[in-house]
Amino acid sequence: MSSPVNGTHAWPRSSQGEGGVELGPNDGAALISKTGLPYRLSEHRKNWATWFAFFCFDGCVLPIILFYSLWYGSTLTHWTIFTLITSLSFWTSYHKWFSRGYRLLIKRDPKYRPINGGRWWFDCSYYILSLALLIVIVELVAATATKDVKVKVIAMAPPSVLYTIGGYMLLQNTAHCLRIRTFVTLSSVKRGSLTPPPLFTVMEDVFAVDGCHLGLPARHAMLATYNASARFRNTLMWWSWIWCLACLAVAVGLSIVVGLVKGTTAFGITYGVSFPFIVFMSVVTAFWMESRDARGAFSAPVGQGKALRSVSVRNGRLA
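Going by full-length UniProt numbering, the sequence shown opens with residue 1, and the numbers climb by one from there.
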């Protein structure tokens, strides 16, 4: 082993952790003595409850109230009604997109970026969020492009978010189960590594950028836990399948409903189900993971005879 460089160790050749994370020759060692989840939702219940409440109100309650009150209680044209709805709703999601982009790209401090991330790198969750928002915006614009508003197309916007989440979970988790090496960088998991479960990628990004903004230490802790604990990897894989099947099942069910009922009825059902469902799944997953972690299910010795190495940040420093 060579001497320390910029406060970290330089490694002579590429290697892998037990979880299959590829480590390059210039990667450093994150000296983590204990594995486990670096963040607990239960310790920040008020903050997350406030955010989830805004998310549901902005994406579910407000659009439904505006739609039915204006549709049946005003003389506004249908085009004007939906223009108002799309202008006043979904700002919690837009704020999340802009705030994550600011932390990952605009800020010069690399604290929130993926490990070894360049100046212009986003994490994987940001790309998925961007894709979901893009699909929703395209649907809303297409439905209101003419005076003949297509209500059923607007009603399909929330299921499209579920299709995006479920499709992402399906593709990446299938690659993980088939032990396919990733041909792109997935947040801090570098290209050429065995593909991790998608829930691992999402949790890493949420702990680092969202949550209490832990940044790079959270990414290092997640990689160390992933490499050290086979039970953690297996748990992530199964929960990724749960997310995949649940999102796709609800999305397909809502799509069938949209095709069978009137557009005005479909609007209330799809907006009333999709976003609360995402919140429900997030809370259940978080507390189940925490309960397992509290019992030591994800604990494993690190650094005994073989240092578990995660990728270092740019310039070889932890932010």
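Beta carbons: idealized from backbone N, C-alpha and C, even for Gly. Owing to the predicted nature of the structure, the values given are computational and were not obtained by experimental measurement.
Exposed unless 16 or more other CB atoms sit within 10 angstroms - verdict on residue i
i           : result
V184        : exposed
A53         : exposed
V284        : exposed
H176        : buried
I154        : buried
K147        : exposed
V223        : What sits at residue 223 in the sequence shown is Leu, not Val. Per the 10 Å Cβ criterion, buried.
V189        : buried
G59         : buried
A266        : buried
V202        : buried
T75         : exposed
T50         : exposed
R233        : buried
A132        : buried
G166        : buried
L129        : buried
K72         : Rather than Lys, the amino acid found at residue 72 in this sequence is Tyr. With fewer than 16 Cβ atoms within 10 Å of its Cβ, Y72 is classed as exposed.
residue 372 : The structure shown has nothing for residue 372, since the chain only spans 1 to 319.
Y68         : exposed
F287        : exposed
One or two residues paired with residue i in a DSSP bridge
i    : result
R181 : L194
L66  : None; L66 has no bridge partner.
V189 : L186
Cβ neighbours of residue i in the same chain (closer than 7 Å, five flanking residues each side left out)
i           : result
R179        : L194
A149        : It is Val, not Ala, that sits at residue 149 in the sequence shown. Answer for V149: H78, W79, F82 and A143, listed in chain order.
N173        : P197, P198, M237, S240, W241 and C244
S160        : I135, V136 and E139
G215        : K111, Y112, A208 and A319
L66         : L84, I85 and L88
D205        : D123, C124, S125 and S187
V151        : G263, T264 and F267
residue 404 : This structure gives no information on residue 404, because the portion of the chain shown stretches from 1 to 319.
Within-9 Å CB hit, residue i to chain C
i    : result
K152 : Checking the listed chains, one finds no chain C in this structure; it contains a single protein chain.
Cβ neighbours of residue i in the same chain (closer than 6 Å, five flanking residues each side left out)
i           : result
residue 326 : A query on residue 326 cannot be resolved here, the shown segment of the chain reaching from 1 to 319 and no further.
R40         : E290
H44         : none
R103        : Y112 and V209
T92         : F54, F55 and D58
L62         : S89
R295        : none
Residue i beta carbon near the ligand FAD (any heavy atom closer than 8 Å)
i    : result
T164 : In the structure on display, the ligand FAD does not appear, and there are no ligands present to speak of.
Nonlocal neighbours in the same chain, by C-beta distance under 8 Å from residue i, ignoring five residues either side
i           : result
S255        : M156 and P159
C56         : F275, P276 and V279
L162        : C247, L248, V250, A251, L254, S274, F277 and I278
T235        : M289, R292, A297 and F298
residue 331 : Outside the modelled stretch of the chain, which goes from 1 to 319, sits residue 331, for which no answer is possible.
V257        : A266, I269 and T270
M169        : P198, L199, S240, W241, W243, C244 and C247
T164        : I128, L131, A132 and I135
Segments assigned alpha helix (DSSP H), at least 4 residues, entirely inside the region 242-270: none
Stretch pair the region 112-131 + the region 212-219: three plus CB contacts closer than 8 Å: Contact holds: three or more Cβ-Cβ distances are below 8 Å.
At least three beta-carbon pairs within less than 8 Å, the region 268-276 to the region 221-234: no
Stretch-stretch touch, CB-based, cutoff 8 Å, three pairs: the region 200-212 with the region 91-110: Because the criterion of three Cβ pairs below 8 Å is met, the region 200-212 and the region 91-110 touch.
4-residue-minimum alpha helix (DSSP H) runs that sit fully inside the region 53-102, ordered along the chain: 62-73, 78-88 and 91-101
Those runs of the alpha helix (DSSP H) which lie wholly inside the region 105-178 and span at least 4 residues: 124-143, 151-155 and 157-177
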